[in-house]
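Residue numbers (our numbering): -15 to 303.
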């Protein structure tokens, strides 16, 4: 968190006698474009925020109602810090809650040998939900549900070491995916990813990351017509390698505007075979500079997150 960060989503649930009595939710216009990573995480767009009220309209009356009430949150210090930053910016007093309850601290106390204590970890551990929605009001309601279940626990629970190891691996993978998405979004923030051709018909593959397309050196004329750094739609179909050591092995043919411009190598196909359905498929692709001295144009196709490598031998096509 920095002084340049701004609140864009506020969600509050008021509770009395263990029951939610009211909720409040609003977007807040930060008067700046939000990063692509935040847009993808929350689903909130710049267009939505442009229609939202300013923080000066929302925060003063809100704090007048809740500033000294007990407050519950997950990693609540972050939320309080954001509120205080915004309050200072507009010249008003921040929050002075009469009590602070942090479900992250409760999670660490009740599950001392668990690896992750994010809200999503806690939701899964308590059997409430599989995912965090990353919206202010839904997070507030989910946090309250976590608190209700945590306060019924009479003593800490030691998670079985096998379960703890499974949680560790899941949390590690989730963090790696989050870091990957953040770095990818940060890069794409300054790249025009608007496809320059008409989208073909077919099932659209999720775009998690780019993979090298083999065989594109032979198709420089059509690639040069798009130029370096261009994004475009390609049609994808399951096929087979027709020559060389891997003849008969499954691959996918990648077609740009009716011309086959390449295919996936067996090594990459072993990590993406299960993603490709039968029938017509469409994916995003883009041109890049080749890494060798020829300076020819290469192509990378956007594919889903790789699965564990599989043996392609059972899928060899001998006809």
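Cβ atoms here follow ideal geometry from the backbone N, Cα and C, with glycine treated the same way. None of the values given here were measured: they were computed from a predicted structure.
- Secondary structure of residue 261 (DSSP, three-state): coil.
- Relative to residue 157, the option among 250, 92, 99 and -3 whose CA is nearest is 99.
- Judged by pairs of C-beta atoms under 8 Å, the segment 59 to 69 does not touch the segment 108 to 117, as fewer than three such pairs exist.
- DSSP places residue 109 in no beta strand (DSSP E) but in the uninterrupted alpha helix (DSSP H) bounded by 103 to 109.
- When secondary structure is reduced to three states using DSSP, residue 182 falls in the coil class, being assigned neither helix nor strand.
- DSSP places residue 71 inside the alpha helix (DSSP H), whose first and last residues are 60 to 74.
- Note that the C-beta distance between residue 220 and residue 182 is not below 8 Å.
- Its chain contains 99 and 100 as the residues whose beta carbon lies nearer than 6 Å to that of residue 155, once the 5 sequence neighbours on both sides are disregarded; these appear in chain order.
- Take the alpha-carbon of residue 139 and the one of residue 56: they are about 21 Å apart.
- Between residue 7 and residue -4, the alpha-carbon positions lie close to 6 Å from each other.
- In terms of Cβ geometry, residue 115 and residue 104 form a close pair [threshold 8 Å].
- Membership of residue 40 in the alpha helix (DSSP H) is indicated by the continuous run 39 to 50.
- As a beta-bridge residue in DSSP terms, residue -4 pairs with 8.
- Put simply, the segment 262 to 270 touches the segment 209 to 224. At least three CB pairs are less than 8 Å apart.
- Per DSSP, residue 290 lies in no alpha helix (DSSP H) and is assigned neither H nor E.
- Annotation for residue 17: 30 place their beta carbon closer than 8 Å to its own, counting only its chain and skipping 5 residues before and after.
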